[in-house]
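**Student:** I'd like to ask some things about the structure below.
Protein chains in written order, with the numbering used here: chain Y, 1 to 112; chain E, 1001 to 1113.
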């Protein structure tokens, strides 16, 4: 079946630095990928829809300048959390659509 | 506006018994629904889906029921196994909104041996 690889699985960074999270479709091409964020004991909240070769579509309330999304190829989308702050600490998950939604394994970001 | 709600944050059942997880939605535009299972620090894995034109879909031990008039769906797991212990999310999708999914808050299922 379709596989989505997400890296890193866990990252700790200092406040003010930037962190890049990668999401790769391993055996299929994904023109569209989705980025979610999950706070503890809460729902997965869609942050943005990443479109290959064009700008991402951000959900209301998500700062596009803070959460930079690049979808430069059909198999790779990246989410960069810029100038990270402790409140950005969360679990970030990507997904791609291929005969259904396939999710990556998620990235636990901790900003200290 | 919480369009998908899972009102039970947790559920505990005995091994071999039936687990019933519930989900309510408010968005009439949803035309398909999915259930996902999630372990800690992992991404969700797909379990089962149902189109809005159906009222039941079955796959092995998992059955999803949809009551459109009540805007309610449920996931039945029978018989429940300890390995089923995880957080279960329901999600609604609207084909007109670019394949976006809206998730519920999740229900922690614990199956006791």
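For each residue, glycine too, the CB sits at the ideal point set by N, CA and C.
(1) Express the C-alpha separation of residue 48 of chain Y and residue 62 of chain Y in angstroms, rounding to a whole number.
(2) Is residue 1058 of chain E close to chain Y? Criterion is C-beta to C-beta, closer than 8 Å.
(3) DSSP on residue 99 of chain Y, reduced to helix/strand/coil?
(4) Should residue 86 of chain Y be labelled buried (16 or more other beta-carbon atoms within 10 Å of its own) or exposed?
(5) Can you tell me where the beta strand (DSSP E) with residue 1017 of chain E in it begins and where it stops?
(6) If distances are taken between C-alpha atoms only, which option among E:1038, E:1049, E:1019 comes closest to residue 1106 of chain E?
(7) In chain order, what residues of the segment 1090-1110 of chain E put their CB closer than 7 Å to some CB of chain Y?
(8) For residue 1070 of chain E, count the other beta carbons within 10 Å of its own beta carbon; 16 or more makes it buried, fewer makes it exposed. Which is it?
(9) Which of the three DSSP states, helix, strand or coil, is assigned to residue 1095 of chain E?
(10) Compare the C-beta of residue 1041 of chain E with all C-beta atoms of chain Y and state if any pair is closer than 8 Å.
(11) Based on Cα-Cα distance, which residue from Y:38, Y:104, Y:103, Y:22 lies nearest to residue 68 of chain Y?
(12) Which complete beta strand (DSSP E) runs does the segment 9-72 of chain Y hold, if anything under 3 residues is left out?
(13) Straight-line CA distance for residue 93 of chain Y to residue 11 of chain Y?
(14) Find out if the Cβ-Cβ distance for the pair residue 36 of chain Y, residue 1046 of chain E is shorter than 8 Å.
(15) Give a yes or no on whether 8 Å exceeds the smallest Cβ distance from residue 93 of chain Y to chain E.
(16) Can you tell me where the beta strand (DSSP E) holding residue 1031 of chain E begins and where it ends?
(17) Could you work out which residues of chain E lie near residue 105 of chain Y, taking near to mean beta carbons separated by less than 9 Å?
(18) Do you know whose CA, among E:1093, E:1012, E:1058, E:1003, lies nearest residue 1076 of chain E's CA?
(19) For residue 1066 of chain E, I'd like the list of residues in its chain whose CB is within less than 6 Å of its CB, leaving aside the five on either flank, ordered along the chain.
(20) If you draw a straight line from the alpha carbon of residue 82 of chain Y to that of residue 1090 of chain E, how long is it in whole angstroms?
(21) Per DSSP, residue 1055 of chain E is paired with what?
(22) Counting only C-beta atoms, is residue 1046 of chain E closer than 8 Å to chain Y at any point?
**Tutor:** Taking the geometry as given:
(1) Looking up residue 62 of chain Y in the first chain gives position 62. Looking up residue 48 of chain Y in the first chain gives position 48. Distance between the alpha carbons of residue 62 of chain Y and residue 48 of chain Y is about 8 Å.
(2) For this step, residue 1058 of chain E is matched to residue 58 along the second chain. No - not a single Cβ of chain Y is within 8 Å of the one on residue 1058 of chain E.
(3) Sequence index remark: in the first chain, residue 99 of chain Y carries index 99 (1-based). Judged by DSSP in its simplified three-state form, residue 99 of chain Y adopts coil rather than helix or strand.
(4) Translated into positions along the first chain, residue 86 of chain Y becomes position 86. Residue burial annotation: residue 86 of chain Y is exposed, with fewer than 16 other C-beta atoms found within 10 angstroms of its C-beta.
(5) Counted from its first residue, the second chain places residue 1017 of chain E at position 17. From DSSP, residue 1017 of chain E is part of no beta strand (DSSP E); its letter is neither H nor E.
(6) One-based indexing of the second chain puts residue 1106 of chain E at position 106. Sorting E:1038, E:1049, E:1019 by C-alpha distance to the C-alpha of residue 1106 of chain E places E:1038 at the top.
(7) Taking a C-beta cut-off of 7 Å against chain Y, the contacting residues of the segment 1090-1110 of chain E are 1098, 1099, 1100, 1101, 1103, 1104, 1105, 1106, listed in chain order.
(8) In the second chain, residue 1070 of chain E corresponds to position 70, counting from 1. Exposed, because fewer than 16 other Cβ atoms sit within 10 Å of the Cβ of residue 1070 of chain E.
(9) The residue you call residue 1095 of chain E lines up with position 95 of the second chain. The answer is helix: DSSP assigns residue 1095 of chain E an H, G or I state.
(10) For this step, residue 1041 of chain E is matched to residue 41 along the second chain. Taking 8 Å as the threshold, the shortest C-beta distance from residue 1041 of chain E to chain Y falls below it.
(11) Along the first chain, read from residue 1 onward, the residue named residue 68 of chain Y stands at position 68. Just measuring C-alpha positions, the residue of Y:38, Y:104, Y:103, Y:22 sitting nearest residue 68 of chain Y is Y:22.
(12) Qualifying beta strand (DSSP E) stretches, in chain order: 10-13, 19-25, 32-38, 44-51.
(13) Position 93 of the first chain, counted from the first residue, corresponds to residue 93 of chain Y. Position 11 of the first chain, counted from the first residue, corresponds to residue 11 of chain Y. Roughly 13 Å separates the two Cα atoms.
(14) As a working note, residue 36 of chain Y is residue 36 in the first chain. As a working note, residue 1046 of chain E is residue 46 in the second chain. No, the pair does not count as a contact, with Cβ atoms beyond the cut-off.
(15) The count along the first chain starts at 1 and reaches residue 93 of chain Y at position 93. At a cut-off of 8 Å between beta carbons, residue 93 of chain Y contacts chain E.
(16) Position 31 of the second chain, counted from the start, is the residue given in the question as residue 1031 of chain E. Bounds of any beta strand (DSSP E) do not take in residue 1031 of chain E, whose DSSP letter is neither H nor E.
(17) Residue numbering aside, residue 105 of chain Y sits at position 105 when the first chain is read from its first letter. Residues of chain E passing the Cβ test: 1041, 1042, 1043.
(18) Residue mapping note: residue 1076 of chain E aligns to position 76 of the second chain, counting from 1. Ranked by how close their Cα comes to the Cα of residue 1076 of chain E, the residues E:1093, E:1012, E:1058, E:1003 have E:1058 in first place.
(19) Locating residue 1066 of chain E in the second chain gives position 66, counting from the first residue. Cβ neighbours of residue 1066 of chain E beyond the five flanking positions: 1050, 1055, 1073.
(20) On the first chain, residue 82 of chain Y is found 82 positions in, with the first residue counted as 1. On the second chain, residue 1090 of chain E is found 90 positions in, with the first residue counted as 1. Cα to Cα, the separation comes out at about 31 Å.
(21) Taking the second chain and counting its residues from 1, one reaches residue 1055 of chain E at position 55. Answer is none; residue 1055 of chain E lacks a bridge partner.
(22) In the second chain, counting from the first residue as 1, residue 1046 of chain E sits at position 46. Cβ-Cβ to chain Y under 8 Å: yes for residue 1046 of chain E.
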